[in-house]
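Enquirer:
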Amino acid sequence: MPRSVLRKPSFMEVYKTLLRYYGPTGWWPGDTPFEIAVGAILTQNTAWSNVERAIENLKRSNILTPFGILSCKRDVLEEAIRPSGYFRQKAERLIIFCRYLVENYAGKIELMSKKDTVELRKELLSIKGIGEETADDILLYACGHPIFVVDAYTRRIFSRHGLINGMMKYGEIQKIFHKNVTEDVQVYKEYHGLIVWTGKQFCRKRPKCEGCPLDIYPKNFQMT
DNA sequence: GGCCAGGACACCA
DNA sequence: TGGTGTCATGGC
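Position in the first sequence (from 1) plus 10 gives the number in the working numbering.
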């Protein structure tokens with residue numbers, strides 16, 4: 011473990027420190043781009059462990075495809091995703107997303123991915139139930155577009171170290187990352203994965219930061 | 001038994 | 001434009 015430094019680190023230094031500590035996370039898990047998109051919707055305000063159960067249920071019921079979700083009965087879908095919480099809302103959101111995918115891209119995320127990044131993001135945000143974070147999860151991890159995902163952990167971790175203001179809007183924070191992190195899909199994926207792992211381990215709402223690999227950097231306690 | 005988790009949206013001032 | 005209530009399950 012390197013000795014602590016007294017100045018603020020750069021965004022790439024933080025990335026390298028986390029990568030050294032955890033190694034590659036390989037985030038986001040999923041056998042197909044569609045599974046990743048479904049996970050992005052199901053994980054809204056929900057622990058990933060609960061999402062895993064829901065995805066397993068969808069696989070077991072053989073409905074983890076756009077057509078599977080659209081053709082199964084509503085209560086079958088709701089029952090399958092129940093473990094991920096907000097199951098009525100999320101069933102609705104999955105159906106709306108699948109309908110969009112089928113009507114516009116023959117149910118193929120690969121076709122959707124070909125669209126221009128800015129255009130596609132605007133399109134995703136127009137879908138009910140898909141906000142900025144979910145849209146960016148889909149863009150980066152399912153479609154392979156260079157978009158940095160900002161989540162609650164990103165706010166907590168980077169405001170704690172004074173690199174951003176936690177009160178900033180989503181787009182403002184994202185712009186800072188785009189300006190300061192190498193524009194590379196693999197780097198964006200890995201960086202966000204590392205943030206999630208750090209957040210889960212050290213940065214819950216009641217922070218137990220002891221042992222966090224970022225402890226070597228100064229903290230802005232007012233922002234935590 | 002209470003708190004919290006990788007959000008998004010409707011409604012209101 | 002910003003603040004607040006709502007949606008729900010599972011782990012600790």
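Every residue, glycine too, gets a C-beta built ideally from N, C-alpha and C.
Less than 8 Å separating the beta-carbons of Ile91 and Lys100?
Expert: Contact: yes.
Enquirer: To the nearest angstrom, how far is it from the Cα of Ile157 to the Cα of Glu220?
Expert: Rounded to whole angstroms, Ile157 to Glu220 spans 31 Å at the Cα level.
Enquirer: Answer with buried or exposed for Asp146, where buried requires no fewer than 16 other C-beta atoms within 10 angstroms of its C-beta.
Expert: So Asp146 counts as buried.
Enquirer: Measure the CB-CB distance between Ala64 and Ser20 and report whether it falls below 8 Å.
Expert: It is not a contact, given that the beta carbons lie outside the stated cut-off.
Enquirer: So, under 8 Å CB-CB, Phe77 and Gly36 are touching, yes? Tell me the CB distance rounded to an integer number of Å.
Expert: Their Cβ separation, rounded to whole angstroms, is 29 Å, which puts Phe77 and Gly36 out of contact at 8 Å.
Enquirer: Out of Ala162, Glu129, Phe212 and Phe187, which has the shortest C-alpha to C-alpha gap to Tyr25?
Expert: Ranking Ala162, Glu129, Phe212 and Phe187 by Cα distance to Tyr25 puts Phe187 first.
Enquirer: Could you tell me the alpha carbon to alpha carbon distance between Ile205 and Phe168, rounded to whole angstroms?
Expert: Spanning the two alpha carbons is a distance of roughly 10 Å.
Enquirer: Cα-Cα, which of Glu142, Tyr96 and Leu134 is closest to Ile106?
Expert: Per the Cα distances, Leu134.
Enquirer: For Met233, which residues of its own chain have a beta-carbon under 8 Å away from its beta-carbon, when the five flanking residues on both sides are left out?
Expert: Any reading at Met233 must be qualified, since the residue scores a pLDDT of 41, below 50, and its modelled position is unreliable; the value itself is stated next. Once the five neighbours on either side are set aside, the close Cβ partners of Met233 are Ser169, Arg170, Gly172, Asn175 and Gly176.
Enquirer: Excluding the 5 residues flanking Tyr180 on each side, which residues of the same chain have their C-beta closer than 6 Å to its C-beta?
Expert: Closer than 6 Å at Cβ, skipping near neighbours: Glu142 and Val160.
Enquirer: Classify Gln54 as buried or exposed, calling it buried when 16 or more other Cβ atoms lie within 10 Å of its own Cβ.
Expert: Gln54 comes out buried.
Enquirer: Excluding the 5 residues flanking Asn190 on each side, which residues of the same chain have their C-beta closer than 6 Å to its C-beta?
Expert: For Asn190, where only same-chain residues beyond five positions count, the Cβ hits under 6 Å are Phe21.
Enquirer: Express the C-alpha separation of Tyr163 and Met178 in angstroms, rounding to a whole number.
Expert: Taking the straight line joining both Cα atoms gives about 14 Å.
Enquirer: Excluding the 5 residues preceding and the 5 following Asn72 in the sequence, name in chain order all residues of the same chain whose CB lies nearer than 7 Å to its CB.
Expert: If we look at Asn72 and ignore the five residues flanking it on each side, its Cβ neighbours are Gly78.
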